[in-house]
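Protein sequences, first through last, are from chains P and R. Quick note: the first sequence, position 24, residue 24 per the UniProt record's numbering, numbers continuous. Quick note: the second sequence, position 121, residue 121 per the UniProt record's numbering, numbers continuous. One structure is given here, and the rest of the page talks about it.
Number of protein chains: 2
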Amino acid sequence: MNFRSNIFNSHSKEDGDFFLGITKILGFKPKMLGVYKKAFLHRSINKKDENGNPLNYERLEFLGDAMLGTIISKYLYNEVPGGDEGYLTKMRSKIVSRKHLNELGKDLNLIKFVESRIPKSHFGDNIHGNVFEALVGAIYLDRGYKYCEKFINDRVIEPYVDIEQLEGKVISYKSLVIEWCQKQKKTFNYNVYEDTGNDALKHFAVKLSIDGRVMAKARATSKKKAEERASKRAYYALQDKMENRN
Amino acid sequence: MNFRSNIFNSHSKEDGDFFLGITKILGFKPKMLGVYKKAFLHRSINKKDENGNPLNYERLEFLGDAMLGTIISKYLYNEVPGGDEGYLTKMRSKIVSRKHLNELGKDLNLIKFVESRIPKSHFGDNIHGNVFEALVGAIYLDRGYKYCEKFINDRVIEPYVDIEQLEGKVISYKSLVIEWCQKQKKTFNYNVYEDTGNDALKHFAVKLSIDGRVMAKARATSKKKAEERASKRAYYALQDKMENRN
């Protein structure tokens, strides 16, 4: 995809492709397409607006970073009523860590929208997280707080945030499930298959069976994540039994 | 005022006083009074909620700090289209500096609501800024983003934020006005008087006259601020003349 030729002309074929691509990722229709385009303009392209101000995603990144922090803060405030200010701050920095944001941007394959003079293969990992933040900034300007909250909830919190795992109390749900099965002398099977469906990006589905019975299903952007998610579901389903295992 | 005896009982005389006091400061009616009460509970009182979690303003401070940063970010994004990410970050830290937040909390006289075992005279300056942030956190939980935005706009941005002054381009509008008057051989007079009106806190009004004619009026929580604000208004009114002064 290449919008270089007509970045703010809103009726081209390229705009149509961008609109469809971005709508899939957002889960809603953008109102001001221009602000989303800006979220993918790398400074190397040296664009300027009509007043001579540089046009790239860095200012949106500043905005998105702040909004992301606020929404994660509210989530943690509600989710961890016993955590003090220091604890909440620590958990928030884990969730919005550079590494984590890069992973999010990569999973959404945001880099395919990036416009740059530098070949994409020359970018480091941070470009993924940076445009993810810029995208949040664009949503904020285009549709306001509520849409940001929903987007962050759907794309960050729901799929990735697990307080127990962040606290280091649970390292892997899969290993907990396997351990339990071995102790209980039960067979288990992770059946993994590609299941991209209507999604903008590749997805995998997993069926976890224990003693031949399907205990949990899950979908995610990698096999490992899908297995972990299915294991977590099975873990909660089995929790009563597992807690009595010792 | 003392709510110690019945902090979450919602029909007492003390609650009524708190409701009226806080409504004046907020500029709207709170829905969940309890969350505002929490914004003024100092940890020294050692309160716990029904689940044994500590009940004080520190968690709300965490939330309010994030929300304040987001709203100031959006303001700067719109207000300074030529500022890059680094510039925006620097300006934001000036606006939400500890010193500035303490001043805001002090101007609103928030400390009168604070419940603590430590005598208020023993607190340092930071208590003012901390409860200001906690109050923003309470608004966020009670009424959501829009009300936070309006509160911060009315209480922080409109009265205090001046980009030119923050940039150090203008140190004092009053001195610019005086300098101009002296060069132009004009007389000037700052007529200051108390004008608290219906406000929850003491206010001062200023009339700035040049050659006997009232050029600008302003109101603020200190004489100095009111003078500065009136000078700024006069400065913009006179700007054409002043720009030709050399």
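In this text, a Cβ means the ideal position worked out from N, Cα and C, and glycines have one as well.
Item                                                                                                                                   : Value
Opening and closing residue of the beta strand (DSSP E) in which Tyr193 (chain P) lies                                                 : Phe188 to Glu194
Per-residue burial, Tyr193 (chain R) [other beta carbons within 10 Å of its own, 16 or more giving buried]                             : exposed
Distance, Lys232 (chain P) Cα to Leu208 (chain P) Cα                                                                                   : 11 Å
Residues that Asn53 (chain R) contacts on chain P, provided the C-beta gap is smaller than 7 Å                                         : Pro81 and Gly82
Assigned secondary structure, Phe19 (chain P) (DSSP; H/G/I helix, E/B strand, else coil)                                               : helix
For Glu228 (chain R), three-class secondary structure by DSSP                                                                          : helix
Best match in P:Ser73, P:Met91 and P:Phe19 for proximity to Leu60 (chain R) [C-alpha to C-alpha]                                       : P:Ser73
Chain-order list of residues whose beta-carbon lies under 6 Å from that of Phe189 (chain P) (same chain, five-residue window excluded) : The sequence as given places Asn at residue 189 (chain P); Phe does not occur at that position. For Asn189 (chain P), where only same-chain residues beyond five positions count, the Cβ hits under 6 Å are Ser209.
Whole-angstrom C-beta distance between Leu110 (chain R) and His128 (chain R), which should lie under 8 Å                               : 6 Å
Interface partners of Leu135 (chain R) on chain P, CB under 8 Å                                                                        : Result: empty, since nearest Cβ-Cβ is about 15 Å, beyond 8 Å.
DSSP three-state assignment for Glu115 (chain P), whether helix, strand or coil                                                        : strand
Environment of Ile71 (chain P) [buried if 16+ CB atoms lie within 10 Å]                                                                : buried
Inter-stretch contact (C-beta, 8 Å, three-pair minimum) for the stretch 171-179 of chain P and the stretch 220-240 of chain P          : yes
DSSP bridge partner residues for Phe204 (chain P) (one or two, in chain order)                                                         : P:Glu194 and P:Ala220
Phe151 (chain P) and Leu26 (chain P) closer than 8 Å at C-beta                                                                         : yes
Supposed contact pair Val131 (chain P) and Gly105 (chain P) - C-beta distance, whole angstroms, cut 8 Å                                : 6 Å
Neighbourhood of Ser5 (chain R) by C-beta, 7 Å cutoff - its chain only, sequence neighbours within 5 removed                           : No answer about Ser5 (chain R) holds up, because its pLDDT of 42 lies below 50 and its placement is not dependable.
Counterpart residues of Arg213 (chain R) in DSSP-defined beta bridges                                                                  : R:Ile210
Supposed close pair Glu115 (chain P), Leu41 (chain P) - CB separation, criterion 8 Å                                                   : 5 Å
Per-residue contacts from Met67 (chain R) into chain P (C-beta, under 7 Å)                                                             : Thr70
Beta-carbon neighbours of Leu88 (chain R), restricted to chain P and to distances below 7 Å                                            : Arg59 and Phe62
Three-state class that DSSP yields for Pro159 (chain P) in the structure shown                                                         : helix
Proximal chain R residues relative to Lys47 (chain P), where beta-carbon distance stays under 7 Å                                      : Chain R residues near Lys47 (chain P): none, gap ~14 Å exceeds 7 Å.
Which listed residue (P:Lys169, P:Glu164, P:Lys225 and P:Ile171) has its alpha carbon closest to that of Leu76 (chain P)               : P:Glu164
Leu108 (chain P) in three-state terms, based on DSSP                                                                                   : coil
Lys94 (chain P) at chain R interface by Cβ criterion, 8 Å                                                                              : no
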